[in-house]
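By the count of my numbering, the sequence shown reaches residue 1266 at its end, each step adding exactly one.
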Amino acid sequence: MDRKEIIYKRYQKGAGLYDHLLSTDRLWSLLACKLVWGFPDTVYTNKLLKWIPDDFNGSLLDVPVGTALFTAPKYKGLKDAQIVCLDYSTEMMTAAQKKFTEEGIGNIKCLRGDVGALPFEEDSFDIVLSMNGFHAFPNKEAAFQEIIRVIKPGGCFIGCFYIKGENRRTDWFINHLYVPKGYFTPPFMAKKELLDQLNKHYRQVELWNTGSIVCFRGVKPSQEVLLEQGDQS
Ligand SMILES: C[S@@+](CC[C@H](N)C(=O)[O-])C[C@H]1O[C@@H](n2cnc3c(N)ncnc32)[C@H](O)[C@@H]1O
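Written as structure tokens, this is what we have:
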């Protein structure tokens, strides 16, 4: 079975428990989260999502949407935005769709797909949001390339994911539990590698980390800016 199928099966099976694990609404998940990460996910998700303006009315791609645990409350307020959510796991996305329906959020389209082969034309979105996806994606280079392809010039890439080398205990759990269980896929990036990667393709890059989770944003330059700077990549 290739890595894409392993990850797919893991999230198909794990969708039912995912929200409990990440929202730490059970004693076991609170303890697991403290042990592995040292903090609850809301510490960084709330801050990250502030990068999407509350009056945003453009087009946004959320990949991978997962169960929309952190994004559904944000999307409820973005009534004039055109939102597309994509994930490889139908079970994860069904949980997201349930939240959108329950919250009465109508301006969202959910699609099953692979981040490495996005079914969109180039320059389609004002914002691409990728929360906690890159540590799972089997082909990270393809994901980076596809995301930049579909962002409009002047549009923004916002994301967060696990990075190695910030906390030895977290790294141990990732390598000895999350990878063998099929939740995460190596190779993992270090903070400096990500910063270099973003600076190569984006402008106005901002990046900070909470423990082993890095949060970042960058603006896709227009062709004119690239030509001025002698960079046509
Ligand atoms: C850790 S979850 C993150 C979900 C959500 N964004 C969050 O922060 O809770 C990772 C998600 O990546 C999805 N995924 C893994 N490989 C993918 C791929 N190649 N294309 C699209 N989604 C993928 C999984 O199905 C899973 O829903």
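For each residue, glycine too, the CB sits at the ideal point set by N, CA and C.
Span of the beta strand (DSSP E) holding residue i?
i, result
"Gln1178", "Per DSSP, Gln1178 belongs to no beta strand (DSSP E); it is in the alpha helix (DSSP H), 1173 to 1183."
"Gln1262", "Segment: none, Gln1262 is in no beta strand (DSSP E) and carries neither H nor E."
"Asp1120", "1115 to 1120"
Go through its chain and collect everything with a Cβ distance to residue i's Cβ below 8 Å, but skip five positions before and after it.
i, result
"Ala1105", "Ala1129, Lys1132, Phe1133, Glu1136, Ile1138"
"Gly1215", "Ile1039, Ile1040, Lys1042, Arg1043"
Looking only at its chain, what residues have a beta carbon closer than 6 Å to the beta carbon of residue i, apart from the 5 residues adjacent to it on each side?
i, result
"Thr1078", "Phe1103"
"Lys1142", "Val1117"
"Met1222", "Ile1196"
"Asn1200", "Gly1244, Ser1245"
"Met1164", "Cys1193"
"Asp1113", "Asn1090"
"Ala1109", "Reading the sequence as shown, one finds Lys at residue 1109 and not Ala. Answer for Lys1109: Glu1136, Ile1138, listed in chain order."
"Gly1251", "Phe1190, Leu1231, Tyr1235, Val1238"
"Val1096", "Leu1119, Val1148, Ser1163"
For residue i, is the classification buried or exposed, using 16 other Cβ atoms within 10 angstroms of its Cβ as the cut-off for buried?
i, result
"Leu1060", "exposed"
"Ala1101", "buried"
"Gly1187", "exposed"
"His1234", "buried"
"Asn1090", "exposed"
"Trp1070", "buried"
"His1209", "exposed"
"Asp1147", "buried"
"Ala1169", "buried"
"Gly1192", "buried"
"Thr1218", "buried"
"Glu1179", "buried"
"Lys1067", "exposed"
"Met1034", "exposed"
"Pro1320", "Within the shown structure, residues of the chain are numbered from 1034 to 1266, placing residue 1320 beyond reach of any answer."
"Leu1081", "buried"
Taking 8 Å as the CB-CB limit, is residue i close to chain B?
i, result
"Lys1185", "Checking the listed chains, one finds no chain B in this structure; it contains a single protein chain."
Leaving aside the five residues before and after residue i along the sequence, list all residues of the same chain whose C-beta is less than 7 Å from its C-beta, in chain order.
i, result
"Glu1155", "Arg1182, Val1183"
Starting from residue i and walking both ways along the alpha helix (DSSP H), at which residues does that stretch end?
i, result
"Ala1105", "1105 to 1110"
| What runs of the alpha helix (DSSP H), each 4 residues or longer, lie entirely inside the region 1053 to 1091? | 1060 to 1069, 1075 to 1082
| request: Run through the region 1183 to 1251 for me and flag every whole beta strand (DSSP E) of 3 or more residues, listed as ranges in chain order. | output: 1184 to 1195, 1236 to 1243
| request: Please go through the region 1132 to 1172 and give each complete beta strand (DSSP E) segment of 3 or more residues, from N-terminal end onward. | output: 1141 to 1145, 1158 to 1164
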